[in-house]
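> So the sequence lines, in the order shown, correspond to chains A and B.
For what it's worth, our numbering labels the leading residue of the first sequence as 1, then goes sequentially.
For what it's worth, our numbering labels the leading residue of the second sequence as 1, then goes sequentially.
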Amino acid sequence: MNVAWWCSSNPGQVWTWRYTPFVGVWLAAAALLGLYLGAHRRAGRPVDPRLLRRWVAGVAVMAVVSEWPLGALGAGYLATVGIGRYIALTFVVAPLLLSAIPTWLLDRWLPHGSARWTATRWLTRWPVALLVFNAVLFGTHLPVAIDTLKVYQVGSFAVDAAHLLAGLVWWFPAMRREADRGAIREPLRAFYLFASSILMFVPATFLAFSPLPLYGLYELAPPLWLGFDPVRDQQLAGVLMNVVGGLALWTVIAIGFMRWARAEERADLEARRAAGRSAAG
Amino acid sequence: MRRTGRAGRAALLVVAALVVAGCSTAPSSSTALSAQGLTQADDGWYGLPLTVERSLPDVTLTTTSGRPFRLDTELAGGPTLLFFGYSSCPDICPVHLASIASAMEQTRTRYDQVRVVFVSVDPARDTPERIDTFLDHFDDRMIGLHAALPVVEEALTQLDLPGPIVEGPDPRGEGDLIGHPAQVIGFDAEGRARRVWPFGTRRSDWVADLPRIVADWSA
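(1) If we ignore side chains and look at the alpha-carbon of each, how far apart do G201 of chain A and V207 of chain B end up?
(2) Taking a cut of 9 Å between CB atoms, which residues from the segment 117 to 129 of chain A lie near chain B?
(3) Reducing DSSP to helix, strand and coil, say where T64 of chain B ends up.
(4) Within 8 Å, do at least three Cβ pairs link the segment 190 to 200 of chain A to the segment 123 to 136 of chain A?
(5) Taking 8 Å as the CB-CB limit, is S88 of chain B close to chain A?
(6) Which class does G82 of chain A belong to by DSSP, given the choice of helix, strand or coil?
(7) Go through the segment 81 to 158 of chain B residue by residue and report every complete run of the beta strand (DSSP E) that reaches 3 residues or more, in order.
(8) Quick check: is the beta carbon of P27 of chain B nearer than 8 Å to any beta carbon in chain A?
(9) Does E53 of chain B pass the burial test, meaning 16 or more other C-beta atoms within 10 Å, or should it be called exposed?
(10) In chain order, what are the residue ranges of uninterrupted alpha helix (DSSP H) at least 4 long that sit wholly in the segment 182 to 256 of chain A?
(11) I need the straight-line Cα distance from L70 of chain A to L217 of chain A, nearest angstrom please.
(12) Give the residues of chain A in contact with S120 of chain B, contact being defined as C-beta atoms less than 8 Å apart.
(13) Examine chain A for any beta-carbon lying closer than 8 Å to the beta-carbon of V207 of chain B, and answer yes or no.
(14) Are any of the Cβ atoms in chain A nearer than 8 Å to that of H180 of chain B?
(15) Secondary structure at H141 of chain A, three-state DSSP: helix, strand or coil?
(16) Can you check whether the CB of I146 of chain A is closer than 8 Å to the CB of L240 of chain A?
(17) Does the contact criterion of 3 or more C-beta pairs under 8 Å hold for the segment 101 to 108 of chain A versus the segment 165 to 172 of chain A?
(18) Could you check whether the Cβ of V116 of chain B sits closer than 8 Å to any Cβ belonging to chain A?
(19) Taking the alpha helix (DSSP H) that L168 of chain A belongs to, which residues open and close that run?
(20) Taking 8 Å as the CB-CB cut-off, is P49 of chain A touching chain B?
(21) Along the chain, where does the alpha helix (DSSP H) containing Q122 of chain A start, and where does it finish?
(22) Counting Cβ pairs, one atom from each stretch, are 3 or more of them under 8 Å apart for the segment 147 to 163 of chain B and the segment 129 to 138 of chain B?
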């Protein structure tokens, strides 16, 4: 039982709106950019501006949600920002980074037959990826996990890293096009994404409808302003997870499914035309 | 092989940078030391029992409407939760009061069943209006009291608690931070101090304890 008997500014950190740079975030962002550009230079390949934009966007979003104020707010003050960061890392950063990697670079980073290839191949099989993603989603949103891990920066970092890695694993089969790397196609892809969106409703519903604060971390955090209740914060976090997370996924599902339906329709039309031509001939 | 080595080193660099970003054992917020809440004792209570006998101090303070308020006589006859704090407090005071207010609402405990009393330890800044405004953020039925510092210190002394200490500038630029006891003290209808709830008490702890306070400590 950890309690305080003396109200003091020490060891706590009173929230202030004074900019507090988080140097490690910028180092990580620079390292990721260097990794991407360096790999192109070493391979003697030109950088595809379209893919570079995605990589830069992914790194930039990661930096923004990890730097002050969002990083600090989400790590220890507001559940809404914590969930917002989860959504950003999982549904924005992970797909942007993944879609920015050309096949030749993926082959260099995960060479066929290597241990990394084998591990990635196993982890990104769609049933495994679905399991990993949801295990991380549920596991890292359990009150005991949040209240144990996120009270320290290293634990908070571990949670963020788990979210990003689980996001990369989960998006891999749905986003990559390489059949030999376990890429899936419609309608399985739609089912795969839809299943996760449904499962995400479970923690989101707990957040939105619990009458008591679930997380001691956010409940006992210094309030940013008087009158803002931790239950409200938690409800907003649940709504954010449901609406934004769900909406983002359903948009991806809808776009993917419509593209697939159009392609199927075109193929069907072509087949009928070809059949008509051969019958007329 | 050489390419793989370079890629590996680059990946290590990324990992190292990320570790730099995250690696620190410093708590990420002031909740860090108390996020676990209280544990339920064998008797079912979350509040911690007092091992020494203490009762409501016989000191006279002033309500925010200017009426003299003697703690031991005015609060006799029903359970009381007493907390010493100040309205500029950035963390523990508002969190404690918000938890109590919310738990009172959730358990439908009336403020005439359990009186919630806030005594300011910062007479220099806490004017009656300021105390009222502060308490209104939680519930305007809470009783706000103030007095000259020696009177407040006398009340704390009678409860075996240390007096307030100026601890240095508030990082928000709102004057000084004041150190003070962080526990809420619970008194029964006869004015005896029965249990305390230190900072770290969760709303769920209050929801469990408030009905017991009403049932066991009322006259």
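Ideal placement from N, C-alpha and C gives every residue a C-beta, glycine not left out.
Once the coordinates are examined:
(1) Correcting the residue identity first, residue 201 of chain A is Phe in this sequence and not Gly. A straight line joining the alpha-carbon of F201 of chain A with that of V207 of chain B spans about 27 Å.
(2) Taking a C-beta cut-off of 9 Å against chain B, none of the residues of the segment 117 to 129 of chain A qualify.
(3) Three-state DSSP puts T64 of chain B in coil, outside helix and strand.
(4) These segments touch.
(5) So, not an interface residue.
(6) Here G82 of chain A carries a helix assignment [DSSP, helix/strand/coil].
(7) Here the runs fully enclosed are 115 to 120 and 143 to 146.
(8) Residue placement at P27 of chain B cannot be trusted, given a pLDDT of 45 that sits under 50; what the coordinates show is reported in the next sentence. Between P27 of chain B and chain A, the shortest Cβ-Cβ separation is below 8 Å.
(9) When all chains shown are included, E53 of chain B counts as exposed.
(10) For the segment 182 to 256 of chain A, the full-length alpha helix (DSSP H) segments reaching 4 residues or more read 188 to 209, 216 to 219 and 230 to 240 along the chain.
(11) Going from the Cα of L70 of chain A to the Cα of L217 of chain A covers about 16 Å.
(12) Residues of chain A whose Cβ lies closer than 8 Å to the Cβ of S120 of chain B do not exist, since the nearest Cβ in that chain is about 13 Å away.
(13) Put simply, the CB of V207 of chain B is near chain A, with a gap under 8 Å to one of its CB atoms.
(14) In terms of beta-carbon proximity, H180 of chain B lines the interface with chain A, with at least one pair separated by less than 8 Å.
(15) H141 of chain A falls in the coil class under three-state DSSP.
(16) No, the pair does not count as a contact, with Cβ atoms beyond the cut-off.
(17) Contact between the segment 101 to 108 of chain A and the segment 165 to 172 of chain A is absent, because fewer than three Cβ pairs lie under 8 Å.
(18) Not one chain A Cβ lies under 8 Å of V116 of chain B.
(19) Residues Q153 to M175.
(20) So no, P49 of chain A is outside the interface.
(21) Note on residue identity: the sequence assigns Trp, not Gln, to residue 122 of chain A. W122 of chain A -> alpha helix (DSSP H) spans A115 to L123.
(22) Put simply, the segment 147 to 163 of chain B does not touch the segment 129 to 138 of chain B. Fewer than three CB pairs are less than 8 Å apart.
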